[in-house]
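*Asks:*
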Amino acid sequence: MTLTEMPTRDAVRQALRTVVDPELHQNIVDLGMVRSVEYPSAREVSVTVSLTTPGCPIRSHFQQAVDHTVGALPGVERVHVDFDVLSEREKDELKQRVGRTDGLPDGALAAVKNVICVGSGKGGVGKSTTTANLTAALFAEGKRAAALDADVWGYSIPRMLGVHGKPKVSANKRILPLVVHGGVKAMSIEFFLEGRDQAVVWRGPMLHKAIRQFLEDVEWGELDYLLIDLPPGTGDVSMTLAQLLPQSRFVIVTTPQPAAQQVAKRAAETARRFDLEIVGVIENMSGFVAPTGERYTIFGEGGGQTLSDELDVPLLGKIPLQEELRIAADNGTPLVLEDPDAPASQALFHAARGLIATTPQQLAVLQPPARPDIAPPSGVSLPMAP
Ligand SMILES: Nc1ncnc2c1ncn2[C@@H]1O[C@H](COP(=O)(O)OP(=O)(O)OP(=O)(O)O)[C@@H](O)[C@H]1O
Ligand SMILES: [Mg+2]
């Protein structure tokens, strides 16, 4: 029996044309980012990928994509992926290849340490409440935090954070997020609508474009956490986010009953199918404590624990049903800020600390160059769907 021959360097490079840089939208071979292809041992291929910055946030995306692509070639049993950094001259060449004269896209998210999507399968389980309060809790814990409302149909972050108005534009045409409660940043489609209750009827491609603009054209600045409030049912938006932000992570919100937990599990599976890491589960509406001290498990019990066991991720918190949480959200001050000692607030702070403990606190990329931010007081409009 003869062993399958190893693929040639050309064949490996050919295969690597399927690995696309998510920011530059071209394959890494044509971009000149494949430094070398070596054969350290009989069945092993070693690929060195050159990045634009040493701590490129899409590094793990390349790691997985190269490993997967080369590992699938006949004859290859092991793949080793190494990284180095392009020289200044190579970066200039790369800029020319991409046809950009304005420099590499430093990415509006270049100074964001963690992007956390808050999702669930089912609607109405408290994603937006969780996003608004978690963002505020992270801020109260001393982290720079922002909430992005990716629910363009059912936007609720502005109301829950009590932030309304028209964003300003920076000198370099970036949209500035609105800021509330002494430093919590927020962005929502609501800020671009004429009437606050105007309905948004976008479908797939427009939705993709809007989300993309929120990520690329908004001047988020330096952030420890950007939390993204997903719409119910994570299909379209998850896919868009996975393409644009392969480094984003997921927190799954579920209620305690088994039915909700099953649906949440499907959302988690979607996230995993796109290689997005799930950092934890938050159980919401877990029990109601009556003024008498008696606890009622209105939505059942155990769903969060079961889901986190199944996904093998931590249960970050169990938020009880508390009317004040709803009232505070309706009035625009997250309960965690209004009454940090309330039972629901404590559970949310617990979740925030858990999140801090399980996510990187170091910036994985170099800071983008400082830009002048002279903001003309005009409103800006995202291109709207007809
Ligand atoms: N633990 C809780 N205690 C009391 N009320 C809550 C709690 N969690 C959420 N709510 C209330 O339940 C309603 C639904 O919550 P929320 O809007 O956060 O859910 P959602 O998952 O974002 O919904 P959608 O799927 O429509 O986006 C809101 O009025 C909110 O204030
Ligand atoms: Mg919501």
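Residue numbering for the sequence shown is 20 to 405, as defined by this note's numbering. Cβ atoms here follow ideal geometry from the backbone N, Cα and C, with glycine treated the same way. Quantities reported herein were computed from a predicted structural model and do not represent experimental measurements.
#1: The alpha helix (DSSP H) that contains Ser55, what's its start and end?
#2: Among all the DSSP beta bridges, which residues are the ones paired with Asn46?
#3: Please work out which residues of its chain come closer than 7 Å, Cβ to Cβ, to Gly240, disregarding the five sequence neighbours upstream and downstream, and give them in chain order.
#4: How far does the beta strand (DSSP E) with Val355 in it reach, from first residue to last?
#5: To the nearest angstrom, how far is it from the Cα of Pro177 to the Cα of Thr88?
#6: Going straight from the alpha carbon of Leu22 to that of Ser60, what length do you get?
#7: Quick one: which unbroken beta strand (DSSP E) runs of 3-plus residues sit fully inside the region 240-324? Chain order, please.
#8: With a threshold of 7 Å, establish whether the CB of Asp170 neighbours any heavy atom of ligand 2.
#9: Report the residue ranges of all beta strand (DSSP E) runs contained in full by the region 172-207; include only those spanning at least 3 residues, in chain order.
#10: Starting from Phe81, follow its DSSP beta bridges and name the residues at the other end.
#11: CB-CB under 8 Å to Ser1, same chain, minus the five flanking residues each way: which ones, in chain order?
#12: Within the continuous alpha helix (DSSP H) that includes Leu374, where are the two ends?
#13: How close, in whole Å, do the beta carbons of Arg62 and Arg97 come, if the pair is a contact with beta carbons under 8 Å?
#14: Contact between the region 195-205 and the region 155-167 is defined here as three or more beta-carbon pairs at a separation below 8 Å; is this criterion met?
#15: Using only the alpha-carbon positions, how far apart do Glu313 and Lys141 sit?
#16: Consider the C-beta atom of Ala348 and the heavy atoms of ligand 1; say whether any pair is separated by less than 7 Å.
#17: Which residues does DSSP pair with Glu63 in a beta bridge?
#18: How long is the line joining the alpha carbons of Arg291 and Thr37, rounded to whole angstroms?
#19: Is it buried or exposed for Val308, if we count other Cβ within 10 angstroms and need 16 for buried?
#20: Note down, in chain order, each residue of its chain lying with its Cβ closer than 7 Å to the Cβ of Ala34, except the 5 sequence neighbours on either side.
#21: Would you check if the distance between the CB atom of Glu288 and the CB atom of Leu334 is smaller than 8 Å?
#22: How long is the line joining the alpha carbons of Ala370 and Leu153, rounded to whole angstroms?
#23: With a CB to CB cut of under 7 Å and the five nearest residues on each side skipped, what residues in its chain are close to Ala348?
#24: In the DSSP assignment, what are the bridge partners of Phe102?
#25: Taking Cβ to Cβ, would you say Pro275 is nearer than 8 Å to Gly322?
#26: Would you say the beta carbon of Gly181 comes nearer than 7 Å to a heavy atom of ligand 2?
#27: How is Val17 classed by DSSP in three states: helix, strand or coil?
#28: Using beta-carbon positions only, say whether Val298 and Ser139 come within less than 8 Å of one another.
#29: Does Val117 come out as helix, strand or coil in the three-state DSSP assignment?
#30: On the three-state DSSP scale, how would you describe Leu128?
#31: Within its chain, find whatever has a CB closer than 6 Å to the CB of Glu209; leave out the 5 residues flanking it on each side and keep chain order.
#32: Here's the rule I'm using: 16 or more other beta-carbon atoms within 10 Å means buried, otherwise exposed. How should Lys187 be labelled?
#33: Spatial neighbours of Gly143 within its chain, please: C-beta separation below 8 Å, excluding the five flanking residues on both sides.
*Replies:* Let me lay it out:
#1: Here Ser55 belongs to no alpha helix (DSSP H); instead the beta strand (DSSP E) covers 53-57.
#2: Val39
#3: Answer for Gly240: Ala130, listed in chain order.
#4: Run containing Val355: none in the beta strand (DSSP E); it sits in the alpha helix (DSSP H), 354-357.
#5: 43 Å
#6: 14 Å
#7: 242-248, 268-273, 296-308
#8: yes
#9: 197-199, 203-206
#10: Beta-bridge pairing links Phe81 to no other residue.
#11: The question about residue 1 has no answer, for the chain in this structure spans 20 to 405.
#12: 362-377
#13: Between Arg97 and Arg62 the Cβ distance is about 6 Å, and since that is below 8 Å, they are a contact.
#14: yes
#15: The straight-line gap from Cα to Cα measures roughly 28 Å.
#16: yes
#17: Residue pairing for Glu63: DSSP places it in a beta bridge opposite Arg97.
#18: 20 Å
#19: exposed
#20: Short of 7 Å from the beta carbon of Ala34, and not among the five residues preceding or following it, lie these beta carbons of its own chain, in chain order: Thr88, Val89, Leu92.
#21: no
#22: Rounded to the nearest angstrom, the two C-alpha atoms are 8 Å apart.
#23: Thr148, Ala151, Met179
#24: Val68
#25: yes
#26: no
#27: Because the chain in this structure spans residues 20 to 405, residue 17 falls outside the shown range and cannot be described.
#28: no
#29: helix
#30: The three-state reading of DSSP puts Leu128 in coil, since its state is none of H, G, I, E or B.
#31: Contacts found: Tyr174, Pro177.
#32: buried
#33: Pro251
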